[in-house]
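Here the protein sequences come in this chain order: A and B.
Here the first sequence is numbered in our numbering, starting from 92 and rising by one per residue.
Here the second sequence is numbered in our numbering, starting from 634 and rising by one per residue.
Backbone N, C-alpha and C fix where the C-beta goes; we use that ideal spot for every residue, glycine too.
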Amino acid sequence: MITTENLCVSYNGRTVLRDATIEAKPGSILGLVGPSGCGKSSFLAALNRLTEIIPGASVSGRIQFDGQDIDTAFPSSVELRRHIGMIFQKPNPFAMSIRRNLELPLREHGIHDRQHLGQICESVLRDVGLWDEVSTRLDQSALNLSGGQQQRLCIARAIAIKPQVLLMDEPCSSLDPMSAERVEQLIDSMRGQYTILIVTHNLAQARRLSDQITIFWTEDGVGRIIEQGDTETVFNETSNAIVDSYLTGRKG
Amino acid sequence: MDSGPATSRAIEVRHHWREFCVAVAVWVAATSVICVLIWILADIAIRGLAEVNFGFLIEDVQDAGRVGGIGPIILSTGLILLVCLVVAVPLSFGTAIALTERLDKESWFARNVRRSLDVLAGVPSIVFGLFGNAFFAIALGLGYSILSGGLTLACMVLPILIRTSEQAIRAVPAEYRYAAAALGMKRTTILFRVVLPVAMPALAAGVVLSIGRALAETAALIFTSGYVARTPESLLDSGRSLSVHIYDLAMNVPGGGSKAYATACVLVVLLLAINAATALLLRLAGLHNRSTTGGSL
Numbered sequence: 092m093i094t095t096e097n098l099c100v101s102y103n104g105r106t107v108l109r110d111a112t113i114e115a116k117p118g119s120i121l122g123l124v125g126p127s128g129c130g131k132s133s134f135l136a137a138l139n140r141l142t143e144i145i146p147g148a149s150v151s152g153r154i155q156f157d158g159q160d161i162d163t164a165f166p167s168s169v170e171l172r173r174h175i176g177m178i179f180q181k182p183n184p185f186a187m188s189i190r191r192n193l194e195l196p197l198r199e200h201g202i203h204d205r206q207h208l209g210q211i212c213e214s215v216l217r218d219v220g221l222w223d224e225v226s227t228r229l230d231q232s233a234l235n236l237s238g239g240q241q242q243r244l245c246i247a248r249a250i251a252i253k254p255q256v257l258l259m260d261e262p263c264s265s266l267d268p269m270s271a272e273r274v275e276q277l278i279d280s281m282r283g284q285y286t287i288l289i290v291t292h293n294l295a296q297a298r299r300l301s302d303q304i305t306i307f308w309t310e311d312g313v314g315r316i317i318e319q320g321d322t323e324t325v326f327n328e329t330s331n332a333i334v335d336s337y338l339t340g341r342k343g
Numbered sequence: 634m635d636s637g638p639a640t641s642r643a644i645e646v647r648h649h650w651r652e653f654c655v656a657v658a659v660w661v662a663a664t665s666v667i668c669v670l671i672w673i674l675a676d677i678a679i680r681g682l683a684e685v686n687f688g689f690l691i692e693d694v695q696d697a698g699r700v701g702g703i704g705p706i707i708l709s710t711g712l713i714l715l716v717c718l719v720v721a722v723p724l725s726f727g728t729a730i731a732l733t734e735r736l737d738k739e740s741w742f743a744r745n746v747r748r749s750l751d752v753l754a755g756v757p758s759i760v761f762g763l764f765g766n767a768f769f770a771i772a773l774g775l776g777y778s779i780l781s782g783g784l785t786l787a788c789m790v791l792p793i794l795i796r797t798s799e800q801a802i803r804a805v806p807a808e809y810r811y812a813a814a815a816l817g818m819k820r821t822t823i824l825f826r827v828v829l830p831v832a833m834p835a836l837a838a839g840v841v842l843s844i845g846r847a848l849a850e851t852a853a854l855i856f857t858s859g860y861v862a863r864t865p866e867s868l869l870d871s872g873r874s875l876s877v878h879i880y881d882l883a884m885n886v887p888g889g890g891s892k893a894y895a896t897a898c899v900l901v902v903l904l905l906a907i908n909a910a911t912a913l914l915l916r917l918a919g920l921h922n923r924s925t926t927g928g929s930l
């Protein structure tokens, strides 16, 4: 679904990620793990060209979507981001009502019919298990929701525009354990419907969630990929000494 | 060795003494600032408040201001402010958006726009008055008019309005922009639907602050909107602002003192109300920012 070849990301000329080559299979969950500062988040931001609006960031290498170069597949970044959604570490609903949060991107994408908007809102809120909690207060500020609810709203907002791919940058790490578990279950339930690339610092979570796993490491301040494969295979029988000590908690 | 403890005690006493002096000095300084404010307010209130009543606010100016009210003056002040804001607000918001959203912060153009604003902010208001007279009143042929005065004030408040607007927009967390961009929203939508609504209270605070500046202005208006105390019939009529009225009564009209103080009362109450409004808006803006931190653990 998404493949990269020799992807490099740098900020103001300083390379933070080098030669990242991955393949995310359709409908599967790809876990991206590794110590802090090894370029995982930069890697995600390159995939939906969010690096364009991050000051100083530049990207080189190849990104393909469904076998086609993303530059030719999508004429604009706006178009690209309709197909590749993103969930951030800190829940970031807009300072407006729950309903407006969901409707704003939909209206932007040309859906104006009230009834249709209402249907989509209800269905995505049901998908993320938020409908029963918020159906009576859709017109209240989204900022009054708890952190976990906000994050599920952000996921609902992202899937409302029907992307094929979802990029998740540590979606559970700013949440309390209960909310984190709830969001993790949600992500697990989305397997098969979306191609998900998820960055996480929680190795146990990566093992529970991901079908394939990619391990990033830092060498001389530059991040690169040192291991990848089916999650269970990597966890059980990696031949890489660094990976083994990282996965067993002795390093990283 | 014997002198050791005694010396350190002496140092300690000296330290205490110095601490005490500094403490007294800063308290006196702070208290005297409050006293000055109270003195001014009390002076104006005692000498002017007796003259202020509803009639004073709506009646015509008579006998050069010695008798009657300040109805036309309030109207003129309002119109001058209106002209000022109608011109300055769109210009300032536009420039602030260009500086924050469109231009690289360090680009040649952005740096020079900022430098121009700094220079403009340092220009004395009497110079704005002379410029307004030469340009709006004479070169553009607007004469001594509310339009000339309002336009001159607009030039004067531009630096402060642009700077506050720029800060207001910059203070919007980058997460909002990222979230909106990641949802495939276009740049203009992000600006108008996401960024500006969040910045709105702080933007409004900047506008209110500028209104305060404009209200208090005298020098820039004497040569532009002029002295005429009649009710203006159009924007091309001359009109006297509150601060110019106070100046005129105090300097040129023997026996106008009490009316000058009464007018000052009205102006000060307006300015205090505007300050309170700014504080309120900024607090709203602050609350806004705080509630966006998300996690409610």
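(Q) Going residue by residue through the stretch 139-217 of chain A, where are the continuous alpha helix (DSSP H) segments of at least 4 residues, counting only ones entirely within it? (A) 161-164, 168-174 and 189-199
Q) For A:Asn183 and chain B, any beta-carbon pair shorter than 7 Å? A) yes
Q. What do you reckon, are the CB atoms on B:Ala721 and B:Leu784 nearer than 7 Å?
A. no
Q. Taking 7 Å as the CB-CB cut-off, is B:Arg826 touching chain A?
A. yes
Q | Nearest candidate by alpha-carbon position, reference B:Leu816, set A:His207, A:Ile154, A:Leu221 and A:Arg248 | A | A:Arg248
Q. Using the C-alpha atoms, what's the distance from B:Ser781 back to B:Leu869?
A. 8 Å
Q | Separation of A:Pro184 from A:Ile202, as counted between CA atoms | A | So the alpha carbons of these two residues sit roughly 20 Å apart.
Q) Run through DSSP, which three-state label would B:Tyr809 get? A) helix
Q: Assign A:Ala297 to one of two classes, buried (16 or more other C-beta atoms within 10 Å of its C-beta) or exposed (fewer than that).
A: buried
Q | Outcome for A:Ser101 when other beta-carbon atoms lying within 10 angstroms are tallied against a minimum of 16 | A | buried
(Q) Can you confirm whether the stretch 178-197 of chain A touches the stretch 111-128 of chain A when touching is taken to mean that 3 or more C-beta pairs between the two stretches lie within less than 8 Å? (A) no
Q: Taking only beta carbons into account, state which residues of the stretch 797-813 of chain B come closer than 9 Å to chain C, listed in chain order.
A: Structure shown: chain C not included; protein chains present are A and B.
Q: Establish whether the CB of A:Ile250 and some CB of chain B are separated by less than 7 Å.
A: no
Q: Quick one: give me the first and last residue of the beta strand (DSSP E) that A:Asp335 is part of.
A: That residue, A:Asp335, is in no beta strand (DSSP E); its alpha helix (DSSP H) goes Ala332 to Leu338.
Q) How should A:Gln240 be labelled, buried or exposed, when 16 other C-beta atoms within 10 angstroms of its C-beta is the threshold for buried? A) A:Gln240 is buried by the Cβ-count criterion.
Q.
Pairs of beta-carbons, one from the stretch 876-886 of chain B and one from the stretch 689-698 of chain B, closer than 8 Å: are there three or more?
A. yes
Q) From what residue to what residue does the beta strand (DSSP E) around A:Leu123 run? A) Per DSSP, A:Leu123 belongs to the beta strand (DSSP E) from Ile120 to Val124.
Q) How about A:Leu135: is its C-beta nearer than 7 Å to some C-beta of chain B? A) By this cut-off, A:Leu135 is not an interface position.
Q. If you pair each beta-carbon of the stretch 793-812 of chain B with each one of the stretch 831-850 of chain B, do three or more pairs fall below 8 Å?
A. yes
Q: Give me the Cα-Cα distance between B:Val746 and A:Ala164, rounded to the nearest whole angstrom.
A: 40 Å
Q) Would B:His878 be called buried (16 or more neighbouring beta carbons within 10 Å of its own) or exposed? A) buried
(Q) For B:Leu816, would you say it is in contact with chain A, using Cβ-to-Cβ distances shorter than 7 Å as the test? (A) yes
Q. Whole alpha helix (DSSP H) runs in the stretch 231-268 of chain A with 4 or more residues, listed along the chain?
A. 238-251
Q: Alpha carbon to alpha carbon, how far is A:Thr329 from B:Arg744? Give it in angstroms, no decimals.
A: Going by the C-alpha atoms only, they are around 54 Å apart.
Q: For A:Gly176, go through chain B and note every residue whose CB falls closer than 9 Å to its CB, in chain order.
A: Ala815, Leu816 and Gly817
Q. Grouping DSSP H, G and I as helix and E and B as strand, with all else coil, what is B:Ile707?
A. helix
(Q) Distance check for A:Gly209 and A:His200, CA to CA, integer angstroms please. (A) 15 Å
(Q) Just to confirm my understanding: we take B:Leu882, look at its own chain, exclude 5 residues before and 5 after, and list those with CB closer than 6 Å. What are they? (A) Gly698, Gly889, Lys892 and Ala893
Q) When burial is assigned at 16 or more other CB atoms within 10 Å of the CB, is A:Met92 buried or exposed? A) The residue is buried, with at least 16 neighbouring Cβ atoms inside 10 Å.
(Q) I'd like to know whether the C-beta atoms of B:Ser874 and B:Leu842 end up nearer to each other than 7 Å. (A) By the CB criterion at 7 Å, B:Ser874 and B:Leu842 fall outside the cutoff.
Q: Could you check what DSSP says for B:Glu739 in three-state terms: helix, strand or coil?
A: coil
Q.
Cβ closer than 8 Å: which chain B residues qualify as neighbours of A:Asn139?
A. Ala815
Q. When the cut-off is 7 Å and only beta carbons count, does B:Val694 lie next to chain A?
A. no
(Q) Restricting to Cα atoms, I'd like to know which of A:Leu257, A:Gln242 and A:Met259 is closest to A:Asp267. (A) Minimum Cα distance to A:Asp267 is reached at A:Gln242.
Q: Under 8 Å Cβ to Cβ from A:Lys342, same chain only, skipping five residues before and after it: list those, please.
A: Ile333 and Ser336
Q: Name the residue from B:Val657, B:Arg916, B:Ala658 and B:Ser798 whose alpha carbon lies nearest to the alpha carbon of B:Leu750.
A: B:Ser798
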